Amino acid sequence: MSRTHAPHRNSSRVFDRGALGTEDLGRLSLRLALGGVLLAHGLQKFTVMGVDQVGQFFASLGLPAPELAAALVSTLELVGGAALVLGVLVRPIAVLAAAELAVASLTAHTGFFADAGGWELPGVIALSLLGLALLGGGKLTVLGALVRRIPPLLR
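Residues in the sequence shown are numbered from 84 upward in steps of one, following our numbering.
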């Protein structure tokens, strides 16, 4: 019977089972990158473009309830992006954002390459978000830090 994660005799505690490991660092890097991209696009929708203009764009694509969709998408990107960075509600937010970007890939983008308006970038981000949803946020989260500080009897 093979052991898949047996720590090396001389390995540091950081990479031992039960401590922080490369998987947690990988999850953190995904959360920071994907959450940062979502957060930036949410800020752009609220401050640069305006939610009304986003709604007009959604209407031009023929999306139903474009004003409501614009408000929901803008909020998901802003609040959801910040939540991913902090490690709060990672799985549900990653699934919702992946669905949003899948719809964007199918409705707002034609062709493949991003420089020609294709779905390359939103498609890759959507698939990466699905991966994050499957992995979860890891130990390096705000909630993880709070839970570790709560006595076991109160968890």
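Cβ coordinates follow ideal geometry from the N, Cα and C atoms, glycine included.
Quantities reported herein were computed from a predicted structural model and do not represent experimental measurements.
{"Query": "Give every residue of the same chain whose Cβ lies closer than 6 angstroms to the Cβ of residue 196, excluding the five residues on either side of it in the sequence, and list them in chain order.", "Result": "203"}
{"Query": "In the DSSP assignment, find the unbroken alpha helix (DSSP H) run with residue 124 in it and report its ends.", "Result": "105 to 126"}
{"Query": "If you pair each beta-carbon of the region 160 to 176 with each one of the region 186 to 201, do three or more pairs fall below 8 angstroms?", "Result": "no"}
{"Query": "Looking only at its own chain, which residues have a Cβ that is under 8 angstroms from the Cβ of residue 219, when we skip the five neighbours before and after it?", "Result": "110, 173 and 174"}
{"Query": "Give the secondary structure of residue 185 by DSSP, where H, G and I count as helix, E and B as strand, and everything else as coil.", "Result": "helix"}
{"Query": "Assuming contact is defined by CB atoms lying nearer than 8 angstroms, are residue 114 and residue 229 in contact in what I supplied?", "Result": "no"}
{"Query": "Could you pull the start and end residues of the alpha helix (DSSP H) that residue 156 belongs to?", "Result": "149 to 158"}
{"Query": "So, for residue 226: in the same chain, excluding its five sequence neighbours on each side, which residues have a beta-carbon less than 7 angstroms away from its beta-carbon?", "Result": "170 and 171"}
{"Query": "So what does DSSP say about residue 223, is it helix, strand or coil?", "Result": "coil"}
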